[in-house]
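The sequence shown maps to residues 765 to 1133 in my numbering.
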Amino acid sequence: MTIPTLGTLSGRKLVTDLQSFGLQIGEQTGGIARKGGAGPSDHKTITIAGQTVMVPVYTSGARHSPFQASPPDQHGASTLLRDGQTLGTIHFPAAPRFYGLSTADGIPYWKIALLHGRDTLATTVHQTCIRYADRRTSCQFCAIGQSLEADRTIAYKTPAQLAEVAKAAVELDGVRDMVLTTGTPNVVDRGAAVLAESARAIRAAVDLPLQVQCEPPRDHGWFQRLRDAGADSLGMHLEAATQAVREKIMPGKATVSVDRYMDAFASAVPVFGRGQVNTYILAGLGDSAADILALAERLIALGVYPFVVPFVPISGTPLENHAPPSADFMKSVLAPLGRMLREANMKSTDIRAGCGRCGACSSLSAYEQ
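What follows is the structure, given as structure tokens:
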């Protein structure tokens, strides 16, 4: 028995359900995992009928999920069950070959950048943030410091290290794009400077499409500087749709208001192109479906791709017991959003690099079809 293709209603429903409920797995299940960090966290990568997605496995909710995976065989194949009933076969992709390498000074490549989804390389250049240490200002869902404390990464990845790892990931594992994000190091350029330096080094070493992600810098001239440094797309993440929810969930980041983001988007789109500027929106933080869709309509009109993903509560954060959105709630957002994107001819497949192109953290791309 095979799992339906993601382009069908039943297939995309299955992925939406999995990403809402999570997946129970055995303690020794291998493959590609992501714990802590700047995001997406507490996930494991699985492949369903040729489509690679990231599904929560390390959350408290996943431990009570109706979905279970049997121990994978030597090829990574596993049986997916729901409430004990067999649904079909899934695969846990093997760790990429570049994970087995280290820099000359002994730092494993996987501490510098990780594989997300099928073929997207991702890194947090600065694994620190000016807001993280103070819960009065930090984003309540953020776990950027957890992977650093657990020695799963390093605090700062140099341009030379990033270029070395990117080149190896392309040559050994066929990586097709790379995401460079950062904790916010200051309130002036908000990380744009370090991203530009990193992008320039990577593009000098390998021909790899790049997305850079940061908060809106005060000087919008940084958008052209980032583009000139080799960035193909830009992510500026609102996280939540309404200012009230943003102030509650991310009190520090909310000082950069929705209106200021909109001004920044309007400046960035002419530089990067329509659909090449993205924003992450976490559904389930308190915004209604109508709130998210109203914001998405404004974003699409500006030429910004709204990448809506289900919120995943991460252990050790203030929101670890906050319930994730239901599958029905996600469908109530993703189905009309998919129609809006189709009508605007703004597709994830046209994004040159980044989270929207990867699409593994949301079933949104299936609703575009």
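Beta carbons are placed, not taken as given, at the ideal position from N, Cα and C, and that holds for glycine.
Every value quoted in this text rests on a predicted model; they were computed, and no experiment measured them.
DSSP puts residue i in a beta bridge; with which residues?
| i | result |
| --- | --- |
| L1083 | DSSP output for L1083 lists no bridge partner at all. |
| T884 | H880 and D941 |
| P745 | Summary: the structure shown does not reach residue 745, with the chain confined to residues 765 through 1133, and so no result is reported for it. |
| T841 | According to the sequence provided, residue 841 is Ala. The question's Thr does not apply to it. Answer is H855. |
| L974 | M942 |
| Y920 | H890 |
| L998 | V976 and V1041 |
| S866 | P872 |
So the candidates are the options; which of them puts its Cα closest to the Cα of residue i?
| i | options | result |
| --- | --- | --- |
| A1065 | R1106, Q891 and A858 | R1106 |
| Y1044 | V1035, V976, G1080 and G985 | V976 |
| I1013 | P820, A1047, K777 and V817 | A1047 |
| T853 | A957, L844 and Y896 | L844 |
| E1011 | E913, H984 and C903 | C903 |
| G1118 | A956, L936, L944 and K777 | L944 |
| I812 | K777, S824 and D806 | K777 |
| A1130 | V1072, A1087 and A897 | V1072 |
| L974 | Q815, V779 and G1120 | G1120 |
| G708 | L972, G1050 and G1067 | Because the chain in this structure spans residues 765 to 1133, residue 708 falls outside the shown range and cannot be described. |
| D915 | L926, I871 and R899 | I871 |
| V958 | A968, K931 and R989 | R989 |
| V821 | V1076, M1104 and L1128 | V1076 |
For residue i and residue j, what's the separation of their Cα atoms in angstroms?
| i | j | result |
| --- | --- | --- |
| E709 | A1004 | Since the first residue shown for the chain is 765 and the last is 1133, residue 709 is missing from the structure and cannot be characterised. |
| G1102 | Q1133 | 8 Å |
| A924 | V934 | 16 Å |
| V1022 | D1092 | 27 Å |
| D781 | L851 | 13 Å |
| R1038 | K1111 | 11 Å |
| R1116 | D996 | 6 Å |
| V1097 | A1053 | 6 Å |
| F831 | A965 | 43 Å |
| A826 | G790 | 12 Å |
| H1134 | V970 | Residue 1134 falls outside the range modelled here, since the chain spans only 765 to 1133, and no answer is possible. |
| T766 | G909 | With a pLDDT of 47 at T766, under the threshold of 50, the modelled position of this residue cannot be trusted, and the question is left open. |
| R954 | F905 | 19 Å |
| P980 | S842 | 43 Å |
| F1029 | S834 | 45 Å |
| I810 | S1126 | 13 Å |
| H828 | G786 | 8 Å |
| V817 | G881 | 6 Å |
| A1108 | D1027 | 21 Å |
| G771 | P1070 | Per-residue confidence for G771 stands at a pLDDT of 40, beneath the threshold of 50, marking its modelled position as unreliable; the derived number appears in the next sentence. Approximately 20 Å, taken between the alpha carbons. |
| G1016 | V1009 | 12 Å |
| P768 | P860 | Residue placement at P768 is flagged as unreliable, the pLDDT there being 42, under the threshold of 50; a coordinate-derived value is accordingly withheld. |
| L773 | G1123 | With a pLDDT of only 41 at L773, under the threshold of 50, the placement of this residue in the model should not be trusted, and no figure is reported. |
| T888 | D837 | 32 Å |
| L936 | L879 | 12 Å |
| T741 | R846 | Outside the displayed span of the chain (765 to 1133) sits residue 741, for which this structure offers no information. |
| C978 | D941 | 17 Å |
| T1081 | R1024 | 27 Å |
| Y896 | P949 | 11 Å |
| H855 | S1031 | 42 Å |
Helix, strand or coil for residue i per DSSP?
| i | result |
| --- | --- |
| L1094 | In the sequence on display, residue 1094 carries Met and not Leu. DSSP places M1094 in helix when its eight states are reduced to three. |
| H984 | coil |
| E1003 | strand |
| R846 | strand |
| Y1044 | strand |
| G1120 | helix |
| P872 | strand |
| S1112 | helix |
| G1101 | It is Leu, not Gly, that sits at residue 1101 in the sequence shown. Helix at L1101. |
| Y1069 | strand |
| L787 | coil |
| F745 | The structure shown has nothing for residue 745, since the chain only spans 765 to 1133. |
| A1032 | helix |
| S1129 | helix |
| A907 | strand |
| S962 | helix |
| M1026 | helix |
| D781 | helix |
| V952 | coil |
| T1019 | helix |
| D1055 | helix |
| R861 | helix |
| D898 | coil |
| A993 | coil |
Counting only beta-carbon separations shorter than 9 Å, does residue i have a partner in chain D?
| i | result |
| --- | --- |
| Y920 | Structure shown: chain D not included; a single protein chain is present. |
Just checking my contact of residue i with residue j at CB under 8 Å: how many whole Å lie between their CB atoms?
| i | j | result |
| --- | --- | --- |
| G947 | Q891 | 6 Å |
| V929 | I876 | 5 Å |
| S866 | M1094 | S866 to M1094, Cβ: 40 Å. No contact. |
| V1033 | V1041 | 5 Å |
| R982 | V939 | No, R982 and V939 are not in contact; Cβ-Cβ is about 33 Å, not under 8 Å. |
| P1100 | L1057 | 6 Å |
| S1079 | T823 | 7 Å |
| G994 | A963 | 5 Å |
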